[in-house]
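Residue 406 in numbering that gives the first Met the number 0 sits at position 407 of the sequence shown, and the numbers go up by one each step.
From the three backbone atoms N, C-alpha and C, an ideal C-beta is built for every residue, glycine too.
Heads up: the structure comes next, in structure tokens.
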Amino acid sequence: MLTTGLLASACISLAAASPSPQSAGNEWWRTAVFYEIFVRSFADSTEGPLADDGVGDLRGIIERLDYLNDGNPMTHDDLGVTGIWLMPICQSPSYHGYDVVDYRAVDEEYGTNEDFKAFVAACHQRGIRVIVDMVMNHVGIDHPWFREAIGPDSDKRDWFVWRDEPLTGEGGPNHPVWHDRVKDRTGQFYYGFFWHGMPDVNLRSQAATAAMHEECRFWVTEMGADGLRLDAVKHLIEDGVQFENTPETIAWLREFSGAMHQARPDVFLVGEVWDDTEVVARYVQNGIDSAFEFSTCSAIERGINAGEAETIGRALERSWNNLGAAASTMIGNHDMDRVMSRLGGSREKAACAATIQLTAPGVPFIYYGEEIGMVGVKPDPDLRTPMQWTGDAERAGFTTGSPWSEVHPSVNQVNVDRQRKQPGSLLSLYRRLIRLRQTRPALHAGDFTLLDAGDDRVLAFVRSHEDDRLLVVVNVSGDTLIEQWGLDAGALGVRPGSALKEMLHGMRVYTPRREGDARWRALGMLDRYTGYVVKLP
Ligand SMILES: [Ca+2]
Ligand SMILES: [Ca+2]
Ligand SMILES: [Ca+2]
């Protein structure tokens, strides 16, 4: 097992080996910017058998790919993402798809396996890689594996976890995990951590493990997915009343990762481990490529809402020390109130959060609609409403039919059409940030050094890769700052009398008047909730 320090330096040297976002190496994902799509809500196709039925589908996404990346580096009116994570697309009875009943078939509401292959081909043409959500912890209650396992003499009986009586003890979730919904001759209870409709697969069983490997291998070989987003992996193998992060789980994943990388050396495995940074790091140190950084996500929100840069700086440093560039970063996802809602509906705060995410180390994931500031609070379906393409209150440009879910009432204010041509829009900022990240090695491959800016409202860090060195300064507060903050110019190698360039807003930056100025204000003024990226000599 690698130590933390070794991991960080290994990440830096691996990052150095993939200098450009177009890099085709096995670790292509290190320079990617991902976009998370809930297929049901992104775009309903306008042609073909699934057109205009009010449900988003794979052909619908293909029709909208130019919005995400048109494949032409010379045009700048696309978002510029280079990766897509599709939330579950396998056959499932639920709207969200996390209870799979057939791992080998695309859900008929979303299309066919051939549609998926066409989708991957269209993405690859534009320089976009595709990863799919893979749910290994449990299956839907109507999955054939579970139907078979209900029989007490079934040879799949031990593919699931059974007990004569529910196990009780401390430390579990506040809902029942042992269920007796299935009436069989044994009267036994089955284990389903999340819900009775999702029985946990017993991954201690070699046969069940082999079967799950096969389902995953199918997606990264035959179907052509570039990687897998691994759902709820901290729950894979439980031990009595220890429900998460067991050593067996981590060992299982190490073997799984080996098998997937053997099937396809450039596969990208990113795990959902909703836990502290140090716990998340254990998974990455043991074989999966990357994992989501929930601690940093929540620190960015708390820091901006409180106007406290230290909260964010500490989290970024902790993430860098534990995960290096292998952290998958986000400011929101399909399980949280949308970031715009958590930031009180403030466009300025949302811009600030995006600036931090897209200039920090890691592999950024943008949740669909985040780039235009879509809002939404729980329950879950309200976090997953139709993409707001136009101001149409009924259909949002998402479908010409009747949408499967109501369009959010914010649609007339918050939509792609409205922001598409506005240089000052959140969408425009996202485009500039992504382009800057993709073109600057310091941002997509560089290391990270936190700075003391002398004011708790100012987050400052340096990203550097070889001779590309960028200073990032973000005012996370609602105050416009002029005098209060300053950086150590000497330590940054900045000499008096040279002109520097700010790259996000195209501003000129004045170096200190004289040698030894202890408090260099790289920019005369820091606008509220605004970030700046300065090219250092
Ligand atoms: Ca459709
Ligand atoms: Ca383009
Ligand atoms: Ca489990």
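Start and end of the alpha helix (DSSP H) containing residue i?
i	result
Ile355	Arg346 to Thr358
Ala326	Counting along the chain, Ala326 falls outside any alpha helix (DSSP H), though it belongs to the beta strand (DSSP E) covering Ala326 to Thr328.
Arg394	Run containing Arg394: none; DSSP gives neither H nor E here.
Leu85	That residue, Leu85, is in no alpha helix (DSSP H); its beta strand (DSSP E) goes Gly82 to Leu85.
Gly59	Leu57 to Glu62
Asp416	Val415 to Arg419
Gly312	Ala308 to Leu322
Gln261	Pro246 to Ala262
Met339	Val338 to Arg341
Gln284	Thr276 to Gln284
Which residue wins for smallest C-alpha separation from residue i, given the options the options?
i	options	result
Glu347	Asp478, Asp466 and Glu243	Asp478
Thr354	Ser256, Leu432, Asp225 and Asp106	Leu432
Ser294	Glu214, Glu307 and Trp273	Trp273
Leu84	Val475, Arg228, Arg430 and Met502	According to the sequence shown, residue 84 is Trp rather than Leu. Selected option, being the one with the closest Cα: Arg228.
Ile61	Val473, Ile36 and Pro246	Ile36
Pro378	Leu64, His333 and Leu342	His333
Lys182	Phe33, Ile249, Ile149 and His95	Ile149
Thr318	Ile303, Ile299 and Gly331	According to the sequence provided, residue 318 is Ser. The question's Thr does not apply to it. Of Ile303, Ile299 and Gly331, the residue nearest in Cα terms is Ile299.
Tyr97	Arg419, Ile140, Arg253 and Ser256	Ile140
Val80	Met86, Asp51, Thr510 and Cys122	Cys122
Ser153	Tyr102, Val134 and Ala206	Ala206
Gly344	Val376, Asp114, Arg434 and Arg253	Val376
Glu370	Val32, Gln284 and Glu26	Val32
Gly523	Thr510, Leu535 and Lys534	Thr510
Glu254	Asn25, Met502 and Gly286	Gly286
Trp177	Glu237, Gly82 and His407	Glu237
Leu535	Met211, Arg103, His464 and Asn244	His464
Phe192	Met135, Glu221, Val219 and Ala262	Met135
Asp157	Glu147, Arg430 and Ser401	Glu147
Asp416	Tyr34, Gln356 and Tyr66	Tyr66
Met86	Arg281, Val38 and Arg128	Val38
Leu268	Ser256, Ala262, Asp275 and Val278	Ser256
For my contact list, residue i and residue j are in at a C-beta cut-off of 8 Å; report their separation, rounded to the angstrom.
i	j	result
Val99	Val138	6 Å
Ala392	Met386	At roughly 14 Å, the Cβ-Cβ gap does not stay under 8 Å, so Ala392 and Met386 are not in contact.
Ser404	Ser40	7 Å
Gly390	Asn411	5 Å
Phe145	Pro92	13 Å between Cβ atoms; not a contact.
Arg537	Leu382	Outside the displayed span of the chain (0 to 536) sits residue 537, for which this structure offers no information.
Glu271	Asp230	6 Å
Ala325	Ser289	5 Å
Gly485	Gly515	Contact doesn't hold; Cβ gap of about 13 Å is too wide.
Gln90	Asp106	5 Å
Val472	Leu428	Rounded, the Cβ-Cβ distance is 16 Å, inconsistent with contact.
Phe118	Leu57	5 Å
Leu450	Ala459	4 Å
Arg494	Asn474	Not quite, the Cβ-Cβ distance comes to about 25 Å (not below 8 Å), so this is no contact.
Arg184	Pro151	6 Å
Thr74	His443	Thr74 to His443, Cβ: 20 Å. No contact.
Asn68	Gly110	Incorrect: roughly 20 Å between the Cβ atoms, too far for contact.
Ser401	Gly53	5 Å
Leu335	Ala349	Residue identity differs from the one stated: residue 335 is Met in this sequence, not Leu. Met335 to Ala349, Cβ: 14 Å. No contact.
Gly302	Thr310	4 Å
Taking the DSSP output, what are the residues bridged to residue i?
i	result
Gly270	Leu229 and Ala290
Asp238	Gln241
Tyr366	Glu35
Val508	Leu499
Lys377	DSSP output for Lys377 lists no bridge partner at all.
His178	Tyr189
Trp519	Leu486
Leu525	Leu480
Following the continuous beta strand (DSSP E) through residue i, name the residue where it begins and the one where it ends.
i	result
Asn474	Asp467 to Asn474
Val493	Run containing Val493: none; DSSP gives neither H nor E here.
Leu49	Here Leu49 belongs to no beta strand (DSSP E), and DSSP marks it neither H nor E.
Val532	Gly530 to Lys534
Does the beta-carbon of residue i, which I'm using as the reference point, lie nearer than 6 Å to any heavy atom of ligand 5?
i	result
Leu491	Inclusion of ligand 5 in the displayed structure is not the case, the ligand content consisting of ligand 1, ligand 2 and ligand 3 alone.
Please list the segments of the beta strand (DSSP E) lying wholly inside the region 421-483, counting only runs of 3 or more residues, in order along the chain. 446-450, 457-464 and 467-474
Whole alpha helix (DSSP H) elements within the region 181-222, 4-residue minimum: 205-219
To test your reading of the DSSP string, which unbroken alpha helix (DSSP H) runs of 4 or more residues are found completely within the region 133-170? 143-148
Could I get the ranges of all uninterrupted alpha helix (DSSP H) runs contained in the region 87-142, with 4 residues as the minimum, in chain order? With a minimum length of 4 residues, the continuous alpha helix (DSSP H) runs that stay inside the region 87-142 are 112-124.
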